[in-house]
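Just so you know, the sequence shown maps onto residues 549 to 800 in the working numbering.
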Amino acid sequence: MTTRNGRVALVTGASRGIGRAIALGLASRGFDLALNDISRQRPELEAVAAEARALGRSAMAVCADVSSKPEVEAMVGQVAAELGTIHALVNNAGILIAGKVEALPEEAWDAVMDVNAKGVFLVTQAVLPLMKAQAYGRICTIASIGGKHGAPEQAHYSASKAAVMGFTRVLAQEVGPLGITANCVCPGIILTDMGRVNLDDATVRNAWQAKTAMARIGDPEDVAGPVAFFCSDDSAFVTGQSLNVDGGIVLN
C-alpha cells in the first residue's frame, strides 16, 4: 500500500487508455481520486475506481459531459462535497473523429472542439475557485503532438489541441500569482483505442515506429509519469509548458 499524500486529483476521461493509466499512476503516488467520464463509460470508470481503492486510495466515479457547463459544475460540486477539494486537475477527456477537411461535417468539427477545447475551459473554470481558495493548484492538460505538427484527416483534432496549448500559456500567466501552475503533456503515438486510428494499418504503424527515436510505439503508462510530475510539487516552478511525450518523434 502506498502512502496517502493528502492531495485530491480530478481526472477527466479516466475510464480507459491514457486516462486510466494517469489515474492509477496518481493513485500509486498517493493521490485520492475523482474519476470522470461520460455515462456510457460508467462500468469501466467504476472498475478504475476499484483499482485505485485496491491501492489504498479514496476514489469516486462521477459521470459528466465535459462540454456541458451545468454537468461540469455539478461534477465539481459533488467532488468538493465528497473529497473536500481538488488539488490537481488532469484535463484528459478527448475524442477523435477522422475526416478530410473538404468532406468534414460541421457536426464532427463541433463535437471534437466541444470536448477537446471547450471541455478543458469549462472544467478548469469550475475548479479554479477551489484552487484559488487554497492558494494551490496543479492543472495538467493532455494535448498532443498533433497540435504542433498535425496529420492528414485530423485538422479539427489538431486545431483543438493547439487551442488548449494556447489556453494553457495564458492560464499559466493568470493563475501563477495564486500558487497555481498550468502545463500540457503532448503524447505522441500511443497504443490506445483512439491511438489505433493511426495504427490499424501495419505499414502506417511501422512508419510511425521508424520515426520514433526509441523505435517503439508508446503505452498509456508512458504518459502517467510526466503527468504525475506536473501534478506534484517537483514541478512547482514549471508552468505554461507543453512537454512532448512521444519517444522522440518531435525533437524540439
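Positions of the beta carbon are idealized from the N, C-alpha and C atoms, including for glycine.
Per DSSP, residue 685 lies in no alpha helix (DSSP H); the unbroken beta strand (DSSP E) holding it starts and ends at 685 to 690. With distances taken between CA atoms, residue 782 lies nearest to 685 out of 633, 685, 592.
With a cut-off of 8 Å on Cβ pairs, the stretch 578 to 591 is in contact with the stretch 552 to 570, counting three or more such pairs.
Residue 704 is a Cβ neighbour of residue 660, given a cutoff of 7 Å. In this structure, the straight-line span from the alpha carbon of residue 737 to that of residue 763 is close to 11 Å. A distance below 7 Å separates the beta carbons of residue 788 and residue 717. Secondary structure at residue 623: helix, using DSSP grouped into helix, strand and coil. Per the coordinates, the alpha-carbon of residue 574 lies some 11 Å from the alpha-carbon of residue 771. Looking at 733, 709, 797, the one whose alpha-carbon comes closest to that of residue 759 is 797. With a threshold of 16 other beta carbon atoms within 10 Å, residue 721 falls short and is exposed.
Taking 8 Å as the upper bound for CB-CB distance, residue 731 and residue 791 are in contact here, some 7 Å apart.
According to the DSSP secondary-structure assignment, residue 603 is paired through a beta bridge with no residue.
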